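Numbering (my numbering), first residue to last: 50 to 616.
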Amino acid sequence: MNSRAKKIGFVLGASTEQDTLLVRLDENVEHEDIVEGNFVSIPLATGQTIIGRVMNIRAVNPQLSDERYAKFWMDRLRRSLESRAMLEFTEFHIIDIVLVSSIAPDKMNITTPNAWISPGSMVFECNDELLELAVFGKERGEMFIGYFAEHSGEIPVKLNPNVLGSDGLAIFGSRGSGKSYAAGVIIEEFAEFGLPSLIVDPHGEYWGLSQTVGPKGDNSLPKYFVKVLYPNKYPPRYFQDMQKMAKKLDVNLSIEPITMLFSEISTSEMFSFMYDLTHTQKEKIENTWYDIRDSLGNAICYDIDGFLGFGIENGIIDGASRKPIVRKLEVFRKMGFFTELNGAICHYSGQIIQEFDEKYRRRETSDKTKELASLTSVKSHFSPEQATILDVSQPMLDERARRIFVSSYLNRLRRSMEIKDIQRVFLLIEEAHRFIPIGESPTKKAIEWFAREGRKMGAGLGIVSQRPSGLDRDILSQCNSKLIFRITEQSDLLVAKDILAGFATRYLGLLPYLERGTGVLTGAALRIPILVKFRERKSITKYGETVALVDFPQDKRKSREAEKKRW
């Protein structure tokens, strides 16, 4: 190792705080070649190699630090700039390094450093092999997301997808910082491992995963399979663009409307749409909801007519409250994405338990079952190598309805995983602050299951947000890996401060100035926090892109002409 690595200095001893080592740089080492964040190696007589990271660099000159000579030299410097050249002969450089890893001689064991390091021990630049072991560990995978941004060479950042996905990933960054772009890269990588994924997409960005970059017929590029699901009657924002691309280009894109079961929403979700309910009306709706489950079990489904029929027949919804409750529940029918079961209450198996007519009276029919497989399970929406997108980007979709729809679908996915219909999936929540805010939200409970219990069922979780300060702290704490891009808001920087501990605190001052596509990766995915420059994505169009307001920023005339043509 040492024959290839350059010697840069020797150990002077521990700092006064005892948490870093002081290293004097050799005279032939240019201090411009050593910067904060660089890794160094210290070979020991035992065969172990200690890996350290540069925390601070400073110049020291005994002529100025010694009181006996300091006044003399200060006077000389005031009178003549040539005195500066004379002082350079006695100047040397000191670096503070924090120890991060201890690597065994056979490179099979990586531990926290606890060995004695003698003053005078030689210090070398850290070669790529040792650096990769120190940062990624032995269980490094083949999930290629980008390059190590703090290294002069091109060390690829390859992660273990099991750790990154199963342990939870939170991605933060302000608008235009590259967070959605990075999330797309991660989805591409999971697809290449064959893992199905589900993306909750409130902006309609991710459907472009279906088209890959490169010349036509280039077999070296992967083909990503994309299924776009959307609430019935609320097509995606870019629906027409999707249809055009699916027809004209050889892409693997399918688009499908879906409906939800009224039985999948909770009473609190109902009440979020009915602000003017009286206490008595709320109580009757709650009693109906609970009585259905108490008497028929939890594995049941019903529509609005079935819910009202049960409540009216059993004398729960009665009196002066009956007409207002019936009228106010019509708001859910008007949404258009709840499945009509013709007043039936059924088991998930499809067996009809009870059925009511349009006047909410019990009726008997010759039909004993209903086909509910596509409503109670989402298995048909997923397949290996496929990214499934729950597109809720339609501007006409009310925000409360959007949350109810997402919550219902995620609960259906949870049930499918609990019964092993789906055994593995990675869930990505875009604009997570809209679905798991601080405070109550219909989607919070559904997403909380994936954060707390999902990994035991084969579900990974990723959340993406431009406002980490607005996220629920419990769910955020369940994401053991964090990827932080450029952040400028003070409240969001305070969240980052809580996340970045130890050596990673040095990145706090860099966060407002990070380049687009570069972020701090910390947590379970790595042994040591690093800056990652994300690779270019292989798919194109839409997701994560910012639409330019002006076509030619350097040419007003061309820009005017381009804008006129567009209109």
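For each residue, glycine too, the CB sits at the ideal point set by N, CA and C.
All of these numbers come straight from a predicted model, not from anything done at the bench.
- In the three-state reduction of the DSSP assignment, I402 falls in the strand class.
- Secondary structure note for Y458: its alpha helix (DSSP H) is the uninterrupted segment 448–467.
- N105 sits in a strand when the DSSP states are folded into three classes.
- Each residue's CA atom was taken as its position, placing I235 and I353 some 40 Å apart.
- By the neighbour-count criterion, in which 16 or more other beta carbons inside 10 Å mark a residue as buried, G368 falls on the exposed side.
- The three-state secondary structure of I334, taken from DSSP, is helix.
- In the DSSP assignment, F322 falls outside any beta strand (DSSP E), carrying neither H nor E.
- For Y230, the uninterrupted alpha helix (DSSP H) segment begins and ends at 228–241.
- Contact between R584 and I166 does not hold, since their C-beta atoms are separated by about 37 Å, which reaches or exceeds 8 Å.
- Secondary-structure assignment with DSSP links Q435 through a beta bridge to F274.
- The alpha carbon of K408 has as its nearest neighbour, out of Q443, S456, G355, I468, the alpha carbon of G355.
- Here R73 carries a strand assignment [DSSP, helix/strand/coil].
- Pairwise C-beta distances place the region 445–463 out of contact with the region 292–306, as fewer than three of them are shorter than 8 Å.
- Exclusion of the five residues before and after D541 leaves P517, S518 as the residues of its chain whose Cβ lies within less than 6 Å of its Cβ.
- The beta carbon of S90 is closer than 8 Å to those of M50, A54, T98, I99, I100, G101, V172, F173, E174, C175, N176, L179 in its chain, skipping five residues each way along the sequence.
- Going by C-alpha positions, G190 is about 31 Å away from T69.
- If you draw a 10 Å sphere on the C-beta of G511, you find 16 or more other C-beta atoms in it, and that means buried.
- Leaving aside the five residues that flank L93 on each side, the residues in its chain whose CB is nearer than 8 Å to its CB run, in chain order, I99, A164, I166, S170.
- For the pair E610 and L258, the Cα-to-Cα distance works out to about 32 Å.
- For I166, there is no enclosing beta strand (DSSP E), since its DSSP letter is neither H nor E.
- When secondary structure is reduced to three states using DSSP, K605 falls in the helix class.
- M171: member of the beta strand (DSSP E) spanning 171–174, first to last residue.
- Our two residues, E76 and K56, have alpha carbons roughly 11 Å apart in a direct line.
- Around the beta carbon of M192, a 10 Å sphere encloses 16 or more other beta carbons of the protein chains shown; the residue is thus reported as buried.
- For the pair I365 and D340, the CB atoms are nearer than the 9 Å cut-off.
- In the DSSP annotation of this structure, the continuous segment of the alpha helix (DSSP H) that includes E497 starts and ends at 491–501.
- Measuring C-alpha to C-alpha distances from V544 to each of L390, L278, G222, H396 identifies G222 as the nearest.
- Secondary structure at G572: strand, using DSSP grouped into helix, strand and coil.
- In the same chain as G399, and ignoring 5 residues on each side of it, the C-beta atoms closer than 7 Å to its own belong to T418, K419, E420, L421, in chain order.
- 9 Å or more divides the Cβ of Y397 from the Cβ of I471.
- Residue state for S518 is assigned as helix, using DSSP reduced to three classes.
- Residue range 141–152 is occupied by the beta strand (DSSP E) that includes S151.
- Taking 9 Å as the cut-off, the beta carbon of I394 is found closer than this to the beta carbon of F359.
- Between K493 and D521, the gap from beta carbon to beta carbon is short of 9 Å.
- The bridge partners DSSP lists for H396 are I349.
- CA-CA distance, V72 to G58, rounds to 6 Å.
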